[in-house]
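Report on the following structure.
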Amino acid sequence: MEPLMDKVIDRKIKLLKLLNSTEDFFPLSELANFIDLSVKTTIVELSDVKDYLAKWNDQIQLVKQKTNYKLIKKNTFNIEIVYSDLKQKTFFYLFYTTLFFEKHESSTAFSKNYFFSYSHFYKKKKVLSNYLKHFDLDFENDPLSIVGEEIKIRFFSYHFFWDHYESNKWPFLDIQPSSVKQQIKEAEELLELNLTELSRERMAYWIGIQKTRISTKHALPKINLFHEIARASTSYQRLLPWLKKIIATENSELNESESRNELEFLYFIFFLIAQPQVTNRLIEEAQTKQLPDSNLYKQTQGYLNQFHQIFEVISTDESLLIEGSFFEALFYHRYLNDQFIFYLEFEEELQGIPSLFKEKFQAIYLAKKEESVSLDTRFYHYIQQLLSTIIESNHYRPRLYVNLLSKKGKIEETLLIKEIKKMPYNVEINKKAQELSDCIISDSIEIKANHATIFYWNSSPTQAEWKKLAQQLQQVEKTKIAQRSFLYNSK
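My numbering applies: residue 4 is where the sequence shown begins, and numbers increase by one.
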């Protein structure tokens, strides 16, 4: 599901991204084809883009040479600033910020303030309403405000503002960003952590979301998961004074129960962001065992442990990063809904995952389900992709030892090696140990070898020859994978 975007602004952003993809000139006809408009209309679009960039004229410019166009910008200029600025001109941005910050406007007042005609306003409002329904959200018209489960409102709003501002600006005008960032550093010092700059920005946005919702009198109900995570983590008690300082507001008083819920929520967010970056877990293994079996974090641990056993994965630092991402996806899937997983790093098309891995992964996924479930969900595809990266890094795709026997020169041999390494296999070039090789690639007329696949090449192989080599390597890989019993026998 794509983010909501006005078509005109979306075209401008797409044009800028294309122009920014190279330092060369683009022909006008190519640009017109790219945005699916006539050449005449594309000229108007490009003229608008040129005028729009004038505010950053000393940093970036659109240059025209006859019927060709290109962007010239300083290396120090972040073009994401332009994309973010454009996004903030859309109806959907203006309307949702009014909903979120509860500016006490009616729909009529909003349309007049921004000079929207009634028909245009009604059409856009209906589109936004339908979009929000995918996330189980809606809005009231008088006064304008967002409605739905508080936890879903907060997560949607966080991703909405993060997407529109690209962390380049601060959307929470009543909250001082410098103060929030200083408070985050205090938390790092308390726990002796060193978060990345991106993690600090994410945490700051979350604090802005929480403070805004509290100030507009929208407290979070108790969520058992947050309570269990806080209770199981010794870091929660160490951070408690800091957490209390964060949620304190002048505009709204929380009762004891609401205050506890907000403290546990904020710690949960901190946990999501910080856990993958710490050497020692925020929840130690002994504490994890004390969690209820229904706890999502405990389920994550159990699922990944089983995954490691079945696929014979050696635990690495990368596994800890994957654990955080898996837990986050599971939380989105269970406590929000599948559409929210769109906001995680997700690719619709999965590339390079062996079919045998997909089959085995599907089998163990379904084995853990007590009732039939659909595999056509964002959650399933996301975790399949996520866990395949562990497999890849731990050589689930077995290493293929390729032996080169060449009478050609070094240049031809170097080009051959470069081409082989482009192929989607875990290849190691071996020039000496022929008897240990899985595949021999040679320009020799005859080679005697009963143990390996042999591929003959010349100094200028055709595409058909490269395709044939790729097929042979694929067959070698399948044979080696098939020899590993874990692919066929669950443990």
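Cβ atoms here follow ideal geometry from the backbone N, Cα and C, with glycine treated the same way.
CA-to-CA distance, residue j to residue i, given in whole angstroms
i: Val11; j: Thr101; result: 22 Å
i: Leu472; j: Ser409; result: 16 Å
i: Pro244; j: Phe271; result: 15 Å
i: Gln474; j: Leu390; result: 25 Å
i: Pro224; j: Glu48; result: 48 Å
i: Glu105; j: Gln388; result: 39 Å
i: Arg337; j: Glu331; result: 10 Å
i: Thr380; j: Asp341; result: 7 Å
i: Ser148; j: Leu65; result: 40 Å
i: Phe345; j: Phe138; result: 11 Å
i: Ala277; j: Leu19; result: 34 Å
i: Ala207; j: Val183; result: 6 Å
i: Phe329; j: Thr303; result: 7 Å
i: Lys129; j: Phe175; result: 26 Å
i: Tyr168; j: Thr93; result: 13 Å
i: Ser114; j: Phe124; result: 6 Å
i: Gln186; j: Asp9; result: 37 Å
i: Ser32; j: Lys76; result: 23 Å
i: Pro146; j: Ala251; result: 26 Å
i: Tyr576; j: Leu135; result: For the chain, the structure presents residues 4 to 494; residue 576 sits outside this window and is missing.
i: Lys248; j: Glu265; result: 12 Å
i: Leu22; j: Trp59; result: 16 Å
i: Thr291; j: Tyr306; result: 13 Å
i: Arg203; j: Ala289; result: 29 Å
i: Glu256; j: Leu269; result: 17 Å
i: Lys363; j: Phe314; result: 9 Å
i: Thr112; j: Tyr99; result: According to the sequence displayed, residue 112 carries Ala and not Thr. Those two C-alpha atoms are separated by around 15 Å.
i: Ile13; j: Lys43; result: For clarity, residue 13 is Asp in the given sequence; the question names Ile instead. C-alpha separation (whole angstroms): 18 Å.
i: Leu228; j: Ile286; result: 14 Å
i: Lys220; j: Tyr385; result: 35 Å
i: Glu200; j: Glu83; result: 17 Å
Cβ-based neighbour list, residue i, same chain, cut-off 8 Å, excluding 5 preceding and 5 following
i: Lys17; result: Phe37, Ile38
i: His398; result: In this predicted model, His398 has a pLDDT of only 46, less than 50, meaning its place in the structure is not dependable; the value taken from the coordinates is given anyway. Around His398: Asn429.
i: Glu191; result: Asn197, Leu198
i: Cys442; result: Leu403, Tyr404, Val405, Asn406, Ala455, Thr456, Ile457, Phe458, Gln475, Leu476, Val479
i: Leu275; result: Gly327, Phe330, Glu331, Phe334
i: Ile367; result: Gln309, Phe310, Ile313, Ser493
Cβ shell of residue i (< 6 Å), same chain only, five flanking positions each side left out
i: Glu351; result: Reliability of the predicted coordinates at Glu351 is poor, the pLDDT of 48 falling under 50, and no value is obtained from them.
i: Lys88; result: Reading the sequence as shown, one finds Asp at residue 88 and not Lys. Here the set comprises nothing.
i: Leu34; result: Thr45
7 Å Cβ shell around residue i - same chain, five flanking residues per side excluded
i: Leu418; result: none
i: Glu143; result: Val150
i: Arg241; result: Leu193, Leu194
i: Tyr294; result: Note on identity: in this sequence residue 294 is Leu, with Tyr being the wrong assignment. For Leu294, where only same-chain residues beyond five positions count, the Cβ hits under 7 Å are Glu231, Ala235, Tyr300, Lys301.
i: Val52; result: Lys15, Leu18, Leu19, Leu65
i: Lys424; result: Val430
i: Tyr161; result: Tyr208, Trp209, Ile212
i: Phe343; result: Phe138, Phe158, Tyr335
i: Phe163; result: Tyr99
Residue range of the beta strand (DSSP E) that includes residue i
i: Ile444; result: 442–445
i: Thr496; result: Given a span of 4 to 494 for the chain in the structure shown, any question on residue 496 remains unanswerable.
i: Leu74; result: 71–76
i: Tyr459; result: 456–459
i: Ile432; result: 430–433
Alpha helix (DSSP H) segment containing residue i, residue limits
i: Leu89; result: 83–90
i: Leu223; result: No alpha helix (DSSP H) holds Leu223; DSSP gives it neither H nor E.
i: Glu48; result: 42–55
i: Leu65; result: Per DSSP, Leu65 belongs to no alpha helix (DSSP H); it is in the beta strand (DSSP E), 63–68.
i: Lys17; result: 10–23
DSSP-derived helix/strand/coil call for residue i
i: Leu194; result: helix
i: Asn298; result: coil
i: Ile178; result: coil
i: Pro244; result: helix
i: Ile210; result: helix
i: Asn406; result: strand
i: Asn171; result: coil
i: Pro30; result: strand
i: Asn264; result: helix
i: Ala332; result: helix
i: Pro279; result: helix
i: Thr392; result: helix
i: Thr380; result: coil
i: Phe80; result: coil
i: Phe314; result: coil
i: Tyr491; result: Legend: pLDDT at Tyr491 = 38, less than 50; position of this residue unreliable, value from coordinates given subsequently. Tyr491: coil per DSSP, three-state reduction.
i: Asn340; result: coil
CB contact check: residue i to chain D, cutoff 7 Å
i: Leu31; result: Among the chains of the structure shown, chain D does not appear; only one protein chain is present.
Any chance you could list the alpha helix (DSSP H) runs of at least 4 consecutive residues sitting entirely within the stretch 99–155, in chain order? 110–116, 121–136
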